[in-house]
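Chains as they are written, first to last, in our numbering: chain L, 1 to 384; chain Z, 1 to 447.
Shown next, in the form of structure tokens:
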């Protein structure tokens with residue numbers, strides 16, 4: 001629950017890609033690029049079982065086209081690599097006698113590596129390839145800025161709600177109204193579960209608010225929501241429950257304010273969307289999170305909502321760059337939400353303990369399907 | 001890849017010859033020395049093994065021998081039949097049965113295409129996708145899980161099968177169900193666990209390195225999220241059958257040689273008669289199975305603790321062979337034909353009437369034979385102080401209803417082994433014929 005998943009302040013991808021902004025564009029669908037560099041002439045690549053001859057090893061920035069012909073006897077592949085063997089573009093399954101085309105977009109000058117890979121394995125027959133000049137860069141700045149602004153609005157809204165609902169819950173605890181506090185518990189936590197990747201980046205506020213009993217092993221006091229959960233469902237309210245509740249509200253107010261100051265990037269939003277699903281996979285689907293109240297499906301819903309909202313903000317970017325992925329995301333979110341809805345009874349979710357093994361497996365299968373797609377989003381938005 | 005691994009067209013029934021000279025020198029040279037020590041390489045094979053290595057560093061045209069035992073070498077993926085059936089049995093197994101969870105036929109078809117491509121790559125020793133290890137850069141999820149990177153192809157074969165349940169109303173395949181593909185009947189003594197039985201699909205991955213086999217299954221499962229989910233999974237650590245005359249007969253968990261009398265790759269007539277589905281076998285909706293084979297899987301728990309405190313005479317009487325040589329009782333050598341009429345010194349049959357060898361022998365079953373390709377397993381404990389060990393029985397045949405079923409009925413009824421074993425998992429799958437480059441698994445079925 002409290003793994004440090006996100007470091008919003010460090011857009012790692014940007015620093016790595018700044019030197020050489022590139023996008024591969026093979027004949028596969030969905031990798032369109034907005035770059036509009038001047039086209040260079042086609043570079044021919046003659047690939048044999050032992051050689052890899054390019055008609056030119058340099059090209060001007062912009063769209064660079066390679067025409068790869070396999071005159072050997074083995075199935076061949078052609079790769080263009082950036083730094084650290086990052087693939088800028090590749091064509092695979094070039095059977096003997098076949099020609100295939102690869103287009104890449106290079107907007108900055110620099111050195112790439114080309115490689116033919118006869119037989120598909122190994123490092124291939126490599127050579128440096130030089131890109132000169134700078135191409136005009138297509139801009140998605142406005143779209144991305146809007147995505148970020150939308151997500152910030154969502155986070156701020158959830159943060160306010162978190163404070164409001166927590167205040168009501170805390171009041172019930174302090175009034176000794178166990179029934180009311182239990183009724184408010186799951187809903188109060190919901191906004192937290194939706195923005196957890198943002199909020200949990202603030203040091204020990206996360207374990208103070210949301211730590212489970214095992215934080216004691218790390219030398220911390222057991223406080224916050226789960227301590228009160230234990231009191232309400234198992235031990236009964238304790239002498240210090242009221243003080244714990246006061247502290248909880250203070251901590252929640254603090255984290256809500258801090259959450260609003262986070263400056264996300266498209267990449268961090270995408271990674272957060274994935275991290276929320278990881279939370280479901282490791283904490284909620286196993287029934288570990290809410291070991292006394294068994295309100296795990298509420299948290300599940302919160303995580304899912306947060307993930308979906310994060311990706312809703314990125315939607316214009318993903319739709320422009322990989323419409324197929326956006327379609328898959330929509331379909332998988334819809335499936336999982338429908339499945340989750342089937343476990344509602346009125347306004348409330350079923351207790352985790354009321355789920356059958358088959359129910360849990362079905363949720364897990366649907367979650368895996370969704371998470372595999374969501375995991376692709378960071379790669380699509382990394383250069384935004 | 002196939003282009004790099006010319007299949008000997010003169011041995012059409014042996015689809016699984018090692019692909020020599022496949023440009024795999026870097027990987028093939030890694031770890032070669034280690035695997036040479038693996039058990040099961042018969043003396044006569046050492047020469048061909050060395051030849052296989054030479055071709056790795058020095059690409060040569062078609063390697064002649066189809067039974068070359070280069071343990072690191074790749075096995076051709078494409079061919080008239082799927083690899084992994086008469087391919088000389090590799091040492092390790094990872095088998096999974098899967099349920100299809102999508103209702104969309106198009107998604108299933110797309111997955112079969114994706115799987116075929118990934119299997120083609122992995123059996124050649126390549127990553128599941130190009131640049132799968134690190135090629136996506138720091139922010140993308142790697143497309144290959146990585147644990148087999150740098151390992152040789154290790155004789156990996158990946159074999160797919162379709163279970164009877166796939167042919168219900170979900171995907172419009174009901175009228176494509178082969179007549180011979182039926183759920184197995186219940187046999188006397190069966191203790192089947194539904195969590196170890198059945199499945200819409202199966203993937204059998206065999207390799208000489210367990211990491212390579214597990215990597216293959218793991219990556220295919222991953223590609224299938226949303227379309228399929230794992231129903232059950234079985235690891236096997238040692239082959240229990242030889243499927244080639246170039247292989248020594250291995251021993252099962254009872255310490256006996258197993259599969260001496262197995263069908264072998266070098267017996268094309270026997271394979272045609274007993275293993276491959278002939279075009280005339282299925283003339284209706286199941287015609288796509290021509291060239292395929294049926295896979296029967298049985299998880300057989302062996303009560304090894306009880307067996308191990310059974311005296312040698314009893315053990316040999318139950319099996320019907322001597323323990324050291326593997327010869328039928330009353331005979332001298334492993335490959336001697338069992339003489340079921342022969343009397344022992346006390347006047348009773350030398351091979352007891354309830355001996356496993358007698359009941360499972362073709363001569364006692366109207367000529368029925370199957371190609372066995374099973375693996376030993378141990379899966380933790382049974383919770384009451386024993387190892388959960390046994391034989392994961394896999395067999396290939398032309399028609400389970402006329403081959404496995406009568407054989408198992410005879411065994412379930414009388415086999416002396418029944419006292420020491422129990423069948424707790426069961427499944428049957430139709431393994432379609434092989435593919436040519438550009439084709440995909442089950443293409444004819446979904447056509």
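Ideal Cβ positions, reconstructed from N, Cα and C, are used throughout, including at glycine.
For residue 267 (chain L), the C-beta contacts it makes with chain Z under 9 Å involve 139, in order along the chain. Interface criterion met: the Cβ of residue 134 (chain Z) is under 8 Å from a Cβ in chain L.
Against chain Z, the beta carbon of residue 332 (chain L) has neighbours under 8 Å at 226, listed in chain order. By the rule that beta-carbons nearer than 8 Å mark a contact, residue 212 (chain Z) does not touch chain L. Taking C-beta separations shorter than 7 Å and ignoring five residues to either side along the sequence, the partners of residue 391 (chain Z) in its chain run 240, 252, 253, 300, 302, 374, 376, following chain order. Against chain L, the CB of residue 363 (chain Z) has no partner CB under 8 Å away; the residue lies outside that interface. Residue 198 (chain Z) is outside the set of residues whose beta carbon lies under 8 Å from a beta carbon in chain L. Residue 216 (chain L) sits exposed, since fewer than 16 C-beta atoms from the chains shown fall within 10 Å of its C-beta. With the rule of 3 Cβ pairs closer than 8 Å, the stretch 180–197 of chain Z does not count as touching the stretch 103–114 of chain Z. DSSP places residue 350 (chain L) outside both helix and strand once states are collapsed to three, so it counts as coil.
Here residue 74 (chain L) is buried. Its C-beta has 16 or more other C-beta atoms within 10 Å. Here residue 107 (chain L) is actually not in contact with residue 65 (chain L); their C-beta atoms are around 15 Å apart, not less than 8 Å. Residue state for residue 158 (chain Z) is assigned as strand, using DSSP reduced to three classes. In the DSSP assignment, residue 67 (chain L) falls within the beta strand (DSSP E) that extends over 62–70. The alpha carbon of residue 155 (chain Z) has as its nearest neighbour, out of Z:292, Z:206, Z:271, Z:388, the alpha carbon of Z:206. Residue 311 (chain Z) counts as exposed, since fewer than 16 other beta carbons sit within 10 angstroms of its beta carbon. The stretch 188–206 of chain L makes contact with the stretch 272–280 of chain L: 3 or more CB pairs, one atom from each, lie closer than 8 Å. For residue 318 (chain L), no chain Z residue has a C-beta closer than 7 Å to its own C-beta; the minimum C-beta separation is roughly 14 Å. Scanning chain Z for C-beta atoms nearer than 8 Å to the C-beta of residue 126 (chain L) yields nothing, as the closest lies near 13 Å away. Spatial neighbours of residue 380 (chain L) in its own chain (CB-CB distance under 6 Å, excluding positions within 5 residues in sequence) are listed in chain order as 318, 321, 322.
Here residue 429 (chain Z) is near residue 163 (chain Z), since their CB atoms are less than 8 Å apart. At least one beta carbon of chain L lies nearer than 8 Å to the beta carbon of residue 124 (chain Z). For residue 380 (chain Z), the enclosing beta strand (DSSP E) covers residues 375–381. In the three-state DSSP reduction, residue 239 (chain L) falls in the coil class, being neither helix nor strand. Taking 8 Å as the cut-off, the beta carbon of residue 266 (chain L) is found closer than this to the beta carbon of residue 314 (chain L). According to DSSP, residue 99 (chain Z) shares a beta bridge with Z:229. In the DSSP secondary-structure assignment, residue 130 (chain L) is bridged to L:58, L:111. Contact annotation: the stretch 352–359 of chain Z touches the stretch 311–330 of chain Z, with at least three C-beta pairs closer than 8 Å. For the stretch 389–439 of chain Z, the full-length beta strand (DSSP E) segments reaching 3 residues or more read 421–431 along the chain.
Residue-level contact by beta carbon fails for residue 218 (chain Z) and chain L, as no gap is shorter than 8 Å.
Between the alpha carbons of residue 433 (chain Z) and residue 274 (chain Z) lies a gap of roughly 15 Å.
Scanning the stretch 260–301 of chain L from its first residue to its last, the whole alpha helix (DSSP H) runs of 4-plus residues come out as 266–279. In the structure shown, residue 178 (chain L) adopts helical secondary structure according to DSSP, grouped into three states.
Under the DSSP definition of a beta bridge, residue 94 (chain Z) partners with Z:205, Z:235. Listed as beta-bridge partners of residue 79 (chain L) by DSSP are L:90, L:115. If you ignore the 5 residues before and after residue 92 (chain L), its C-beta comes within less than 7 Å of the C-beta of 77, all in its own chain and listed in chain order.
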